[in-house]
Structure formats: structure tokens, C-alpha cells
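Structure first, then comments.
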Amino acid sequence: MEAWMGKILRVNLSYGDYHIEEIDPDYLRPYLGGRGLGSKILYDEVDPQVDPFSPENKLIFMTGPLTGTGAPCSSRYMVITKSPLSGTIACSNSGGFFGPELKFAGYDGIIFEGVADEPVYLWINDDEVEIRSAAEFWGKTTHETEDFIRAKIENKYLAKEIRVASIGPAGEKLSRIACVINDKNRAAGRSGVGAVMGSKKLKAIAVRGTGKIMLPDKEAFHKAVLHARDVIRAGPVTGEALPAYGTAVLVNIINEAKILPTNNWQVTYFETANKIAGETIAETILKRPKGCFACPIACGRLTEISDPQNTGMGSPKYFKGEGPEYETVELMGASCGIDNLAAITKANYLCNEMGMDTISAAATVATAMELYEKGYLPEKDLGLKANFGNADALIILTEKMGKREGIGDIMAEGGYRLAEQYGHPELFMGVKKLEAPAYDPRGVQSMGLQYATSNRGACHVRGYAIANEILGVHVKTDPLITEGKAEMVKTFQDITAVIDSSGLCLFVALATNFLYEEIQSLINAASGAGYTVDELVSIGERISNLERLFNLKAGLTKADDTLPKRLLEEPGGPKGDVCRLNEMLPEYYQLRGWDENGVPTTDKLSGLGLQ
Amino acid sequence: MKFKQYLPASSSDGKAMVSLKDGGTLGDLLDTLGIPPDVPKLVIINGISRGVSNTVNAETLTDGDVVAIFPPSGGG
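First to last, the sequence lines map onto chains A and B.
Adding 220 to a residue's 1-based position in the first sequence gives its number in my numbering.
Adding 467 to a residue's 1-based position in the second sequence gives its number in my numbering.
Here it is, written out as C-alpha cells:
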């Protein structure tokens with residue numbers, strides 16, 4: 221069990237107690253860790269029809285075997301639960317330093333059960349585990365929460381060394397788009413996992429670990445790490461583009477490819493996109509790049525805005541933070557018709573502080589703007605004129621959403637429920653009630669299939685086909701055709717499940733040729749487990765199918781594997797096309813070994829050991 | 468930042484009009500701008516992302532084509 225710590229902390233918040241469980245290696249091996257192991261535990265222990273906010277839902281924090289090992293980009297932990305936003309299985313992934321610290325404390329993961337009577341936080345200092353009152357800082361932002369926990373610790377060295385994951389007011393108030401924030405600005409963003417944490421009255425987890433991750437052969441591991449690092453550094457995207465400009469370098473590219481969602485996806489090109497692009501961020505608000513644990517890429521952007529109009533909460537004059545990332549700057553920007561970078565950055569900071577997913581929050585504002593402009597959502601309900609391009613409206617609505625004030629109360633339920641409340645669910649741009657990220661599939665067909673079939677709804681980090689379709693990272697494909705895309709999407713989805721389970725950041729796959737062999741070499745060098753590439757490929761497929769089974773049991777059907785009407789019927793993209801999902805979906809089901817209703821066949825399930 | 472050195476003086480906001488001889492190719496455009504052929508990592512012509520290759524470089528451009536040329540880029 222080297223690389224894994226072999227232990228999981230199971231915390232029952234209703235009883236206020238915990239115990240430590242050993243992980244059965246035979247249970248673990250077919251799921252690898254992280255997303256795979258967490259999903260398996262959720263599938264085995266939670267009825268998929270459970271109310272996500274009920275005590276019976278569980279909230280699982282899980283690392284992978286490579287998390288914290290020092291392998292390049294080995295910072296990740298995942299939060300697995302049933303999503304209150306989509307009703308699907310949720311697995312939200314974050315970097316920073318929290319995940320590695322949890323492993324240094326001796327645990328691969330934590331399972332939270334039940335609901336606390338009063339607000340609490342979990343304190344972990346190696347073997348010392350305690351459920352402590354969070355009454356004093358319930359209601360505070362994520363930043364205030366972290367500062368508060370540190371300030372309470374007498375030992376100043378320890379106070380500096382702990383790592384904190386917490387929810388803000390959005391999670392406490394059960395906003396379905398609430399996230400978990402760790403290290404102040406890294407987010408397990410999607411699917412509303414922060415709201416499940418809030419429903420359990422769990423404000424935060426503070427962890428300090430001083431232990432070591434055991435490695436079977438340090439020299440072999442060191443060699444594998446150096447090799448992987450060289451591959452990442454040699455990749456044009458991971459070695460040059462992301463370090464220099466962060467993810468927002470995509471803005472101009474996606475705009476030139478005419479797939480940049482603009483004004484809630486009514487158009488796909490934004491005239492002033494350059495004002496919000498990574499290049500402009502680098503020239504204006506960027507202080508320095510910031511990396512997560514053991515990351516040679518450092519795509520994070522430590523930024524600063526000084527305009528008093530556009531600072532975050534808490535300080536009237538001056539504010540620093542992280543972001544905006546590509547998805548954030550695009551959806552708060554072009555999709556809201558806004559090219560004011562300082563205002564977008566402020567809205568981003570607000571989301572981090574209040575604990576809200578920036579993608580869902582931004583997309584919900586864009587939906588509100590279209591509802592307003594079309595006369596479906598009246599000014600008296602909004603409290604302001606929310607026309608596209610109105611940067612003040614973005615900031616005010618973001619804050620209202622985080623606090624559930626006024627119109628923010630329904631917006632905190634996410635874009636689908638907002639659009640439905642005002643009679644126009646077709647203006648919600650997402651799938652399975654999860655707001656879509658910032659690539660219009662009318663000009664990149666595979667992403668339409670990806671959004672429609674991803675097990676958590678419209679999502680880019682469950683199969684980042686953009687890497688080949690637009691960027692040509694591994695091979696360059698034609699984004700406008702549907703041929704071959706079912707297979708491409710399946711391949712991307714399955715390898716992503718493996719990366720997410722390993723504890724590596726998905727961005728390793730943006731290094732040219734960083735594929736199964738590289739992952740295999742790192743995992744085996746760290747663990748001595750001797751995984752074959754075929755076994756890893758099966759693990760990816762097994763996880764995709766397990767998640768699908770959870771969703772089917774939760775009540776989702778083939779009818780949920782679809783896209784917003786706008787993308788299927790209104791022409792867009794560089795050639796005025798629609799997304800031709802119907803040309804790809806049946807082939808995708810077939811390749812997956814699913815029947816025409818998208819249900820995995822008995823043969824497929826028994827082949828994967830899921831029967 | 469370095470990539471911007473290839474922009475003609477007449478450019479604004481990263482965009483410029485460039486005249487080519489009749490039948491001019493993408494390769495000719497790169498020549499005109501002084502961009503070594505191995506420097507661009509992504510070329511988008513009229514909204515269609517094309518990657519980079521000798522074949523793409525040999526393609527004839529027509530009047531009014533919009534060509535976007537990028538150094539290594541990407542990642543969302």
C-alpha cells in the first residue's frame with residue numbers, strides 16, 4: 221500500500237465522533253484512488269435517490285496515490301457526493317496544498333456522514349482529530365474563516381503550517397452552486413459540493429500533517445518524476461503558454477475560432493475580447509504566477525486590483541487574490557457582454573470569498589441578463605437594469621447570489637432554476653442543470669457530445685477535447701466534423717477519470733504525449749503496484765460506467781443526455797452550424813457498450829466487474 | 468510578449484491589414500511578417516483552427532481572409 225496511506229477517516233457529524241478505517245487493497249485496486257475510490261464508496265454506501273441535503277447523503281474528500289508525492293502536478297484532492305445542483309454524482313477537483321497535507325497527516329481521505337447539530341469544523345493534526353465548534357465564524361467568508369482558524373492556534377508555527385478547506389456564506393445558505401475553497405483561492409468548484417458541506421453544518425477542515433508518504437524505491441521514483449517533468453516542460457502548452465499567460469490565454473484563440481460564448485451564447489464572437497485576455501491580464505493586474513504543490517506549470521495568477529470600485533469585500537482600498545482563469549473571465553466577461561477586466565476580477569474574488577463556483581455564478585448572471593433583456597425578468601425583481609455589458613450588475617448580482625439577497629435567492633439555485641422560475645428554461649445554457657463552460661459546441665462538435673454525456677453535466681474537465689480539436693496538443697482534428705468524435709470523447713473521458721483518480725492535475729494531459737504510459741510510470745514508481753496500461757484503461761472505463769450507473773439509479777435517463785435548444789437549433793460558430801449531437805450520440809452509446817437508451821449492458825458491466 | 472514583435476507598425480489591438488501578391492499563401496504571409504515558419508503553433512483561418520504544417524503553409528489565401536496566428540497557447 222505504498223503511495224496510498226491506507227487509511228480513511230470516517231466522521232459521523234450526527235454523533236460527533238470518528239474512527240479510522242483501513243482500506244482493503246482489493247477494494248481499492250480497480251478504482252485507483254481519488255475520484256474512482258470516492259465514487260465507489262459513494263455508490264456502495266449511498267442510495268442514489270437520496271435527497272442531497274439529507275443526513276443520509278455523504279461528503280467524501282479523497283486524494284489519489286500520487287497526491288503529495290512530489291510527482292509533477294500532484295496536488296489534487298476531490299470532493300465526491302450527490303450533487304444538489306444536477307442530482308447526479310458529483311466529483312469536484314481542486315489543487316493547492318490541502319490534499320497533500322491531508323496525506324502527510326496519514327489519511328487518503330475523509331468520509332463525512334450525518335449532520336452536526338451546530339456549526340463545526342474538523343481539526344486534524346496528524347493523529348489528533350477533533351470536531352470543534354465553528355459557531356464563532358459561521359457566516360464568515362472563506363478567507364475570514366481561514367484567518368480565524370489560524371488566529372485561534374496558540375502555537376504560531378503550527379498556525380502557519382495548517383491548510384484549510386472551507387465554505388463561505390453561499391455554502392452555508394445551501395446555494396446549489398456553492399463550492400469548497402481551499403488555500404483561500406483554489407476551488408473544488410462544480411456541482412454544488414459546498415452546499416452539501418453547508419447542509420452538514422461543516423464549516424471547514426483544518427489539517428496539519430508531518431508524516432511521509434512511503435515509496436518502494438525512491439531512486440526509481442525520482443527518475444520517473446524527472447522524466448515526467450521534462451515531458452511537461454517540453455510541451456508547448458505546459459512548458460510555455462500556461463506558465464506565461466495562465467489559462468486565460470485561450471480567450472483570443474477561442475474567439476478567433478468563433479466559439480466564444482457571448483451574451484449568453486446568442487453569438488460566438490466578442491469584438492473586444494482582447495481586453496479580457498490572458499495577455500492583457502499579464503500586462504495589467506498580474507502580480508506573479510502561482511503554482512500548486514509540486515507544479516512545474518504554475519498556471520495560477522496572483523492578481524491585484526487597486527481601483528476602490530473593484531476591490532473585494534473586507535478592504536475598501538486594496539485587494540489581492542487569484543484569478544481570473546479562462547472559464548471565469550470568459551463567462552463573466554464575453555458571456556455577460558462585459559470587457560471590464562477589473563470588474564470581472566472583483567466578481568471572481570467575491571466568488572472565492574463567498575464560496576461560489578465562478579462558472580455557475582457567471583452563467584447564472586448571463587441567464588439573468590438575457591431574461592431581463594427579453595422582458596421575462598422585470599427590473600423590479602432584479603433591483604437594477606441587468607443589460608448585457610453592465611459590469612456593475614455583474615458585481616451586484618454576484619454579491620446578492622452569495623448572500624441570497626433579493627433576486628440572489630433564486631439565482632443561488634443556479635441558472636436552470638432561475639430560468640425555469642421565469643418561464644424560460646430554454647435560456648439556461650447547460651446540461652443536467654450544470655452550467656456549461658466557455659466553448660460553443662456549434663464550432664467544436666465533440667464538446668457537444670462531451671457536455672451531453674459527462675456524468676456531472678455540461679463540463680469541460682471530464683473530457684477536454686479542445687486539446688485536439690482546437691489546440692492540436694496530441695493530434696490536430698477538424699472541429700467541425702462529427703466523424704470519429706464519439707471515440708475521441710470516450711477516450712478523453714476515460715483517461716480523465718484515471719488522471720483524476722491518480723491525484724495528478726488534469727493539465728498534465730496538455731503536455732504533448734503525456735498519456736497512459738506516463739501516468740503508469742509515475743503510479744508504479746510511487747506505489748510498486750505494477751499496474752499495466754490495459755488495467756489503467758479499464759479503470760477509466762469502470763469509473764465512467766460506475767458514475768453512469770449512479771446517475772441512472774438516481775433517475776436520470778437518455779433524455780438528459782442532450783444540449784440546450786439554442787445549440788441544437790440556432791446556427792452559430794464559424795460556419796453557422798448547429799451541434800449535430802444526433803450524429804454522435806448513438807455511436808457513443810455503442811462504443812460504450814450501452815444499449816440504445818444509454819444503459820450499460822450486462823456484458824459490459826460484467827466485463828468491468830460491476831455486476 | 469515576444470510574439471508581438473512580429474506585428475507591423477500599422478497594427479492596432481493585435482490586428483493588422485496585410486497585402487499579399489495574388490495567389491499568396493499562408494507561408495508568404497508569415498514571410499511578409501518576418502515570422503519564422505516554425506514559430507506559430509496554431510493558425511486559425513476564418514474561424515477554422517488549422518494547426519500548423521507545410522500543407523497549411525502552402526494554402527492560397529484570398530482577399531479578405533482573416534488569419535489568426537498564435538504562439539504555443541492553451542489550457543482551460
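Yeah, the Cβ is synthetic: ideal placement off N, Cα and C, and Gly gets one too.
What you are looking at is a predicted structure, and each value in this text was computed from that prediction instead of being measured.
Just reading off the beta strand (DSSP E) that T283(A) is part of, what are its end residues?
-> The continuous beta strand (DSSP E) containing T283(A) extends over residues 279-283.
Helix, strand or coil for F608(A) per DSSP?
-> In the three-state scheme derived from DSSP, where H, G and I count as helix and E and B as strand, F608(A) is classed as coil.
To the nearest angstrom, report how far apart S419(A) and N521(B) are at their CA atoms.
-> So the two alpha carbons sit approximately 58 Å from each other.
Anything in the segment 684-697 of chain A with a Cβ closer than 8 Å to a Cβ of chain B? List those residues in chain order, please.
-> Contact residues of the segment 684-697 of chain A toward chain B are Y684, I686, A687, E689, I690, L691, G692, V693, K696 (C-beta to C-beta distance below 8 Å).
Sort K323(A), G316(A), F332(A) by Cα distance to V266(A) and report the nearest one.
-> Of the candidates K323(A), G316(A), F332(A), the one whose C-alpha sits nearest the C-alpha of V266(A) is F332(A).
Give the secondary structure of P509(A) by DSSP, where H, G and I count as helix, E and B as strand, and everything else as coil.
-> In the structure shown, P509(A) sits in a strand (DSSP, three-state: E or B).
From which residue to which residue does the alpha helix (DSSP H) around H442(A) run?
-> Counting along the chain, the unbroken alpha helix (DSSP H) around H442(A) starts and ends at 438-454.
Alpha carbon to alpha carbon, how far is P507(B) from M468(B)? Give it in angstroms, no decimals.
-> With a pLDDT of 47 at M468(B), under the threshold of 50, the modelled position of that residue is not reliable, and no figure is offered here.
Beta carbon proximity, N494(A) to chain B, threshold 8 Å = At least one beta carbon of chain B lies nearer than 8 Å to the beta carbon of N494(A).
Proximity of A581(A) and T618(A) at Cβ, strictly below 8 Å = The answer is yes: Cβ separation under 8 Å.
When we look at the beta-carbon of G256(A) and count the other beta-carbons within 10 Å, is it buried (16 or more) or exposed?
-> So G256(A) counts as buried.
Give the C-beta separation of Y671(A) and A685(A) to the nearest angstrom, bearing in mind that I take them to be a contact with Cβ-Cβ under 8 Å.
-> Actually they do not touch by this definition, with Cβ atoms about 10 Å apart.
Would S314(A) pass as a contact of A408(A) if the rule is Cβ separation under 8 Å?
-> Annotated as proximal: S314(A) and A408(A), with beta-carbon spacing under 8 Å.
Quick one, which residues of the segment 443-472 of chain A are near chain B if we go by CB-CB under 7 Å, in chain order?
-> For the segment 443-472 of chain A, which is checked against every Cβ of chain B, the residues closer than 7 Å are P456, V457, E460, A461, L462, T467, V469, L470.
For M468(B), which three-state DSSP category applies?
-> Summary for M468(B): the model assigns pLDDT 47, below 50, so the residue's position carries little reliability; its value from the coordinates is reported in the next sentence. Three-state DSSP puts M468(B) in coil, outside helix and strand.
For K488(B), go through chain A and note every residue whose CB falls closer than 9 Å to its CB, in chain order.
-> Below the 9 Å Cβ cutoff, chain A contributes no neighbours of K488(B), its closest Cβ being approximately 25 Å away.
Among N475(A), T492(A), D403(A), E547(A), which residue has its Cα nearest to the Cα of C512(A)?
-> Minimum Cα-Cα distance from C512(A) among the listed residues N475(A), T492(A), D403(A), E547(A) corresponds to D403(A).
Whose C-beta lies closer than 6 Å to the C-beta of L252(A) among residues of the same chain, with five residues either side of it excluded?
-> Here the set comprises S721, I759.
Report the three-state DSSP secondary structure of T488(A) (helix, strand or coil).
-> DSSP places T488(A) in coil when its eight states are reduced to three.
Distance, Cα to Cα, T489(B) vs K482(B)?
-> At residue 489(B) the sequence reads Asp, which differs from the Thr that was named. Whole-angstrom Cα-Cα distance: 21 Å.
So, do the segment 486-496 of chain A and the segment 449-467 of chain A have three or more beta carbon pairs nearer to each other than 8 Å?
-> Taking one beta carbon from each stretch, the segment 486-496 of chain A and the segment 449-467 of chain A have fewer than 3 pairs nearer than 8 Å; the two do not touch.
Within this structure, are the beta carbons of S666(A) and Q713(A) separated by less than 8 Å?
-> In terms of Cβ geometry, S666(A) and Q713(A) do not form a close pair [threshold 8 Å].
From the DSSP output, which residues share a beta bridge with C311(A)?
-> Beta-bridge partners assigned by DSSP to C311(A): I300(A).
Give a yes or no on whether the minimum CB-CB distance between W814(A) and chain B is below 8 Å.
-> No - not a single Cβ of chain B is within 8 Å of the one on W814(A).
Closest by C-alpha distance to G391(A), when choosing among A717(A), M708(A), S411(A) = Ranking the options by Cα distance to G391(A), first place goes to S411(A).
Integer-rounded CB distance, given that L279(A) should sit under 8 Å from N301(A) = At residue 301(A) the sequence reads Thr, which differs from the Asn that was named. T301(A) to L279(A), Cβ: 5 Å. Contact.
Would you list the one or two residues that DSSP bridges to F537(B)?
-> Residue pairing by DSSP places F537(B) opposite L509(B) in a beta bridge.
Own chain, CB closer than 6 Å to L462(A), minus 5 neighbours either side, in chain order = For L462(A), same chain residues with a beta-carbon under 6 Å away, outside a window of 5 residues either side, are I517, C519 in chain order.
Whole-number beta carbon distance between G609(A) and K620(A), since they are thought to touch under 8 Å | About 19 Å separates the two Cβ atoms, so there is no contact after all.
Same chain, Cβ closer than 7 Å to I511(B), neighbours up to 5 away in sequence not counted | These residues qualify, in order along the chain: R517, A535.
By Cβ distance, which residues of its chain are closer than 6 Å to C515(A), with the 5 residues on each side in sequence left out?
-> Excluding the 5 residues flanking it on each side, C515(A) has same chain C-beta neighbours closer than 6 Å at C293, in chain order.
Selection from V270(A), L248(A), D271(A) that minimises the alpha carbon distance to I261(A) = That would be L248(A), whose Cα lies nearest to the Cα of I261(A).
Since F281(A) and V270(A) are thought to touch, with beta carbons under 8 Å apart, how far apart are those beta carbons, to the nearest angstrom?
-> Going by Cβ atoms, the distance from F281(A) to V270(A) rounds to 18 Å, so no, they are not a contact pair.
Are there 16 or more other CB atoms within 10 angstroms of the CB of D246(A), so buried, or fewer, so exposed?
-> Label assigned to D246(A): exposed.
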